[in-house]
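Per my numbering, residue 595 is the first one in the sequence shown, and the count goes up by one each step. Report on the following structure.
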Amino acid sequence: MSAPVRTVDYKLSTSEAARTLLRDEIGSLVVENDGIEGIVTKSDLVKAIAAERTVDGETVGQLMTETVLTVGPEESIEIACERMRANGIKKLPVVEDGQPIGIVTTTDITHSLVPNLNDVISSFQ
């Protein structure tokens with residue numbers, strides 16, 4: 595898991611969300627408003643723009659995916675992987691007592707399964 599998870603208010607503008615994603619070199623933002631309300635990803639922004647949707651002036655609350663699957667910190671990596679696979683998602687917030695404490699991504703899982711991944715990749719170059 596990557597921690598801490600980056601959270602934003604649902605009223606944040608989509609342009610500010612895009613700047614945050616690029617600046618912090620992350621792929622998603624958990625959207626909060628009295629708990630987890632949704633998640634917005636780089637892919638959400640790209641899909642909206644590709645569909646010629648005008649995102650200027652919109653908030654992340656208008657763009658986010660509202661149904662957010664989560665995992666608890668005590669759950670196994672196998673459960674997290676299966677939840678992600680079964681639902682076709684790449685990011686899974688880790689929640690404890692209703693609050694996001696981290697996020698598991700496909701990159702996190704890859705690095706967990708192949709701890710020396712960067713060395714393996716370098717050996718092919």
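All residues carry an ideal CB built from backbone N, CA and C; glycine is no exception.
Please specify which runs of the alpha helix (DSSP H), each continuous and at least 4 residues long, are wholly inside the segment 613-663, giving them in chain order. 636-644 and 654-657
Does the segment 628-640 touch the segment 668-680, meaning 3 or more C-beta pairs lie closer than 8 Å? no
Exposed or buried, which one is Lys685 when buried takes at least 16 other CB atoms within 10 Å? As a first step, residue 685 is located in the sequence shown; it is residue number 91 there, counting from the start. Its Cβ being crowded by 16 or more others within 10 Å, Lys685 is buried.
Identify whether Ser670 lies in helix, strand or coil by the three-state DSSP scheme. Stepping through the sequence shown from its first residue, residue 670 is reached at position 76. It is coil, neither helix nor strand.
In chain order, what residues of the same chain have a beta carbon less than 6 Å from the beta carbon of Glu652, not counting five sequence neighbours either side? Locating residue 652 in the sequence shown gives position 58, where the first residue counts as 1. Excluding sequence neighbours, Glu652 sits near Thr608.
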